[in-house]
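Inspection log for the structure reproduced underneath, given as structure tokens.
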Amino acid sequence: MQHQTQTHPDPRSPLVLETRDLPRRPGAMRMVERTVPAPDGLGLEMIGVPARSDLTLSLRLESVSEGVLVSGTVTGELRGECGRCLGPIVDTLDVEIQELYAYANSTTDETTDEDEVGRMQGDLIDLEPALRDAVVLILPNNPLCREDCPGLCPECGAHWDELPDDHSHRQVDLRWAALEDMHTTHKTEE
Ligand SMILES: [Zn+2]
Ligand SMILES: [Zn+2]
């Protein structure tokens, strides 16, 4: 997946990190601990972070010779739909971030592609593209409400959890088979 073309990030955006007070000296560090509203569409179709729900950033910004290394975790809530029974899924998001944002005109800036290594935009870091990629990577394509969800009966659509062990539609099938037999017999007689 490609990062969106990086233009000037909005410094007021909750996922844009300001680094003005981080000295551009390798080894200098600053912690960022904040809770921000989740952006729209963070996740996949079947499971994701509800828009504007709380996302907690727990990040370390570290000056390195080529830029700023951002590492840490982002936590929040996940809501989804089970791929087998369509029941609701409530889970916790806990995703690790480790991303280098290169200074403009650094060797890294000149020798790598923007899709591989992020870029500082002046003093600003837009965390959103890296966060989106990281979240999508850890989410299941076919989420389940629980590992052994038995799903739904293909005949009547009821959840197997709510059906007796001997639930079956065989009787109905037999009756249809009998009707078909009669029909065939009748035809043969004509
Ligand atoms: Zn399920
Ligand atoms: Zn059934």
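Reading the sequence shown from the start, the letters are residues 45 to 234 in the numbering used here. All residues carry an ideal CB built from backbone N, CA and C; glycine is no exception. Please read these numbers as outputs of a predicted model, since none were measured by experiment.
So, do the stretch 120-137 and the stretch 101-108 have three or more beta carbon pairs nearer to each other than 8 Å?
Short answer: they don't touch.
Hey, residue 145 and residue 169 are a contact pair by Cβ (cut 8 Å); roughly how many whole angstroms apart?
About 5 Å separates the two Cβ atoms, so the contact holds.
Cα-Cα separation between residue 90 and residue 184, rounded to whole angstroms:
Cα to Cα, residue 90 sits roughly 9 Å from residue 184.
Considering just the uninterrupted stretch of the beta strand (DSSP E) at residue 81, what are its terminal residues?
Looking at the DSSP string, the run of the beta strand (DSSP E) that includes residue 81 is 73-81.
Span separating the alpha-carbon of residue 161 from that of residue 98
Distance between the alpha carbons of residue 161 and residue 98: 27 Å.
Which residue from 111, 100 and 103 puts its Cα closest to that of residue 69?
The residue with the shortest Cα to Cα distance from residue 69 is 111.
To the nearest angstrom, how far is it from the Cα of residue 187 to the Cα of residue 194?
Distance from the CA atom of residue 187 to the CA atom of residue 194, rounded to whole angstroms, is 13 Å.
Find out if the Cβ-Cβ distance for the pair residue 77, residue 115 is shorter than 9 Å.
Not in contact: residue 77 and residue 115 (Cβ atoms no closer than 9 Å).
What does the alpha-carbon distance come out to for the pair residue 66 and residue 147?
Distance between the alpha carbons of residue 66 and residue 147: 13 Å.
So, at 8 Å on beta carbons, what are the nonlocal neighbours of residue 245 in its own chain, with the 5 sequence-adjacent residues on each side left out?
In the structure as shown, the chain begins at 45 and stops at 234. Residue 245 is therefore absent and cannot be evaluated.
Please state if the CB of residue 134 and the CB of residue 175 are separated by a distance shorter than 9 Å.
No, Cβ-Cβ distance for residue 175 and residue 134 is not below 9 Å.
Going by the beta-carbon positions, is the gap between residue 120 and residue 82 smaller than 9 Å?
It is a contact, given that the beta carbons lie within the stated cut-off.
Cα separation between residue 171 and residue 154?
Cα atoms of residue 171 and residue 154: separation of roughly 21 Å, rounded to the nearest angstrom.
beta-carbon residue 128 near ligand 1 non-hydrogen atom, thresh 8 Å
Yes; taking the cut-off as 8 Å, the Cβ of residue 128 has a heavy atom of ligand 1 nearer than that.
Do you know offhand how far residue 131's Cα is from residue 71's?
Roughly 48 Å between the two C-alpha positions.
Distance, residue 100 Cα to residue 136 Cα
Across the structure, residue 136 and residue 100 are spaced so that their CA atoms are roughly 12 Å apart.
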